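Throughout the sequence shown, residue numbering follows my numbering, covering 0 to 137 in sequence.
All C-beta atoms, glycine included, are put in the ideal place defined by N, C-alpha and C.
What you are looking at is a predicted structure, and each value in this text was computed from that prediction instead of being measured.
To start, the structure itself, in structure tokens.
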Amino acid sequence: MPESREPALTFRGLFDWLWERLPEARPHLAELKADAELDAVQEGREIPDASVGYLLNPYGILSDALFWPVIVPAVETRNGDLLARTAAIVEALLAAADEDIRDAADLRVVSPLLGHAEYWSIFRHVAGPRLLAMTTRS
0 MPESREPALT FRGLFDWLWE RLPEARPHLA ELKADAELDA VQEGREIPDA
50 SVGYLLNPYG ILSDALFWPV IVPAVETRNG DLLARTAAIV EALLAAADED
100 IRDAADLRVV SPLLGHAEYW SIFRHVAGPR LLAMTTRS
């Protein structure tokens, strides 16, 4: 039986990893990918055959395809299912073996989440242990 190959949760694999796990992020990821392809064309760079996902900055992916367009609306509408799924995504990001992924998640998801008291007061109810542990950091 052939092995199933899931996208890796790495700095270069974040685009595909998030695409596979969070359908609500797909329109935003597609827009980021289209923008990256357009930039490559305008700058005279070749677009790789497979995916330009690795051209996208994971910090931008986490801000522009996860936190602002998916997590914030889930919090504002108190969408329990989406909150639970995004909490699992955040927990996986914080548990990633790739330190760059953990750093990007901290800066682009955790910090703004903890920085908005109203968002955090809602999201904390679905937060996993890694995220909850970060609320006590100095």
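Distance from the CA of Pro-68 to the CA of His-124, rounded to the nearest whole angstrom, comes to 20 Å. Judged by their CB atoms, Leu-130 and Glu-98 are not nearer to each other than the 8 Å cut-off. DSSP places Thr-134 in the coil class of the three-state scheme, outside both helix and strand. If you compare the alpha carbons of Val-108, Arg-84 and Ala-95 with that of Asp-63, the shortest gap goes to Val-108.
If you draw a 10 Å sphere on the C-beta of Pro-26, you find fewer than 16 other C-beta atoms in it, and that means exposed.
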